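Here the structure is laid out as structure tokens; the discussion comes afterwards.
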Amino acid sequence: MFKTVLFPIDRSRETQEAVGVVVEIVQKYGSRLILLSVVEGSEEADEGMESPDVVARLLEDAQSVFKQQGIQTEAFERQGKPAFVICDVADEVNANLIVMGCRGLGLTEEGVTESVTNRVINLSPCPVLVVP
Numbered sequence: 003m004f005k006t007v008l009f010p011i012d013r014s015r016e017t018q019e020a021v022g023v024v025v026e027i028v029q030k031y032g033s034r035l036i037l038l039s040v041v042e043g044s045e046e047a048d049e050g051m052e053s054p055d056v057v058a059r060l061l062e063d064a065q066s067v068f069k070q071q072g073i074q075t076e077a078f079e080r081q082g083k084p085a086f087v088i089c090d091v092a093d094e095v096n097a098n099l100i101v102m103g104c105r106g107l108g109l110t111e112e113g114v115t116e117s118v119t120n121r122v123i124n125l126s127p128c129p130v131l132v133v134p
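Quick look at the structure:
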């Protein structure tokens, strides 16, 4: 059913809480797991999700967590506006499901009324599972 699962990650508590759900789904369905983290700023940025180094470390740490559960992952690091990048990658890898925390670190340009998660729900080419 869920042949390919996309799990966009950031450093939020909600992402950490979604890991258990992702493990259950991937193990139950034998899914291919794609991790995605988005660099939001310029190449020269050095803080938060705007730093390519921070994002690379985040992906490495996440891969280690899943490896401990016996799950192999593929990791993508992209630059851009998170909601659009997540949906583009979901389309690119033919994801059958996106699993996200209910609220990550990012907001869209519209501010607090529109989270990245909410935007992904509206733009996604596949079902989105939001973990509270």
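Counting from 1 along the sequence shown, just add 2 to a position and that's the residue number in the working numbering. For glycine and all other residues, C-beta sits at the position ideal for the given N, C-alpha and C. Predicted model, so just to flag it, every value in this text is computed and none were measured.
For Gly-103, the uninterrupted beta strand (DSSP E) segment begins and ends at 99-103. By the criterion of at least three beta-carbon pairs nearer than 8 Å, the segment 64-82 is in contact with the segment 24-38. Per DSSP, the beta bridge partners of Arg-80 are Val-40.
Closest in C-alpha terms to Gln-81, from the list Gln-18, Val-132, Ser-53 and Thr-119, comes Ser-53. 8 Å or more divides the Cβ of Val-57 from the Cβ of Cys-89. Cβ contact annotation for Val-23 (same chain, cutoff 8 Å, sequence separation greater than five): Val-101, Leu-131 and Val-133, in chain order.
Here DSSP, grouped into helix, strand and coil, assigns Ser-117 to strand. Sorting Cys-128, Thr-17 and Asp-93 by C-alpha distance to the C-alpha of Leu-99 places Cys-128 at the top.
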